[in-house]
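A quick write-up on the structure given underneath.
Residue numbers (this note's numbering): 87 to 223.
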């Protein structure tokens with residue numbers, strides 16, 4: 087789910103994030119932060135037990151000028167067989183992140199600095215099968 091934050095605010099804090107997400111009843115939580123300086127928040131979320139991905143490090147900018155390339159490529163990994171690096175037909179969290187990092191880190195000279203904080207179990211977590219289409223065998 088998406089956690090929109092008022093556009094006139096320039097911060098989201100852990101104290102805000104916890105109540106917004108604590109009602110999500112699941113054994114695994116994966117959270118993605120697609121904003122500048124998100125690595126610090128990703129680190130805080132990891133300490134809460136969540137698997138985290140961010141478009142930038144704690145002190146890095148994300149290249150907002152060309153859209154949400156990291157998150158867009160994270161989801162694109164589900165339909166590109168090259169993302170399945172171990173060839174098992176199942177996309178893991180780490181495979182999806184690596185695909186997003188490879189394909190969403192630079193465009194037209196703008197850079198993102200994707201960052202992850204996964205537990206060892208979270209990195210191998212199955213996200214589901216690679217979706218194959220007629221043009222993507």
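Just so you know, even glycine gets a beta-carbon here, dropped at the ideal spot from N, CA and C.
What is the DSSP secondary structure of residue i, reduced to helix, strand or coil?
{"i": "residue 134", "result": "coil"}
{"i": "residue 125", "result": "helix"}
{"i": "residue 206", "result": "helix"}
{"i": "residue 156", "result": "helix"}
{"i": "residue 165", "result": "helix"}
For residue i, count neighbouring Cβ atoms within 10 angstroms of its own Cβ and tell me buried if that reaches 16, exposed if not.
{"i": "residue 105", "result": "exposed"}
Measure from the alpha carbon of residue i to the alpha carbon of each residue in the options, then state which is nearest.
{"i": "residue 120", "options": "196, 180, 143", "result": "143"}
{"i": "residue 207", "options": "182, 101, 114, 131", "result": "114"}
{"i": "residue 182", "options": "130, 134, 169, 175", "result": "169"}
{"i": "residue 136", "options": "158, 112, 159, 157", "result": "112"}
Which whole-angstrom value is the C-beta distance of residue i and residue j, which I expect to be below 8 Å?
{"i": "residue 138", "j": "residue 178", "result": "Rounded, the Cβ-Cβ distance is 15 Å, inconsistent with contact."}
{"i": "residue 161", "j": "residue 217", "result": "Their Cβ separation, rounded to whole angstroms, is 11 Å, which puts residue 161 and residue 217 out of contact at 8 Å."}
{"i": "residue 203", "j": "residue 132", "result": "4 Å"}
{"i": "residue 201", "j": "residue 140", "result": "5 Å"}
Tell me the start and end of each unbroken alpha helix (DSSP H) in the region 179–203 that is at least 4 residues and wholly inside, in chain order. Counting whole runs of 4 or more residues, the region 179–203 contains the alpha helix (DSSP H) stretches 179–190.
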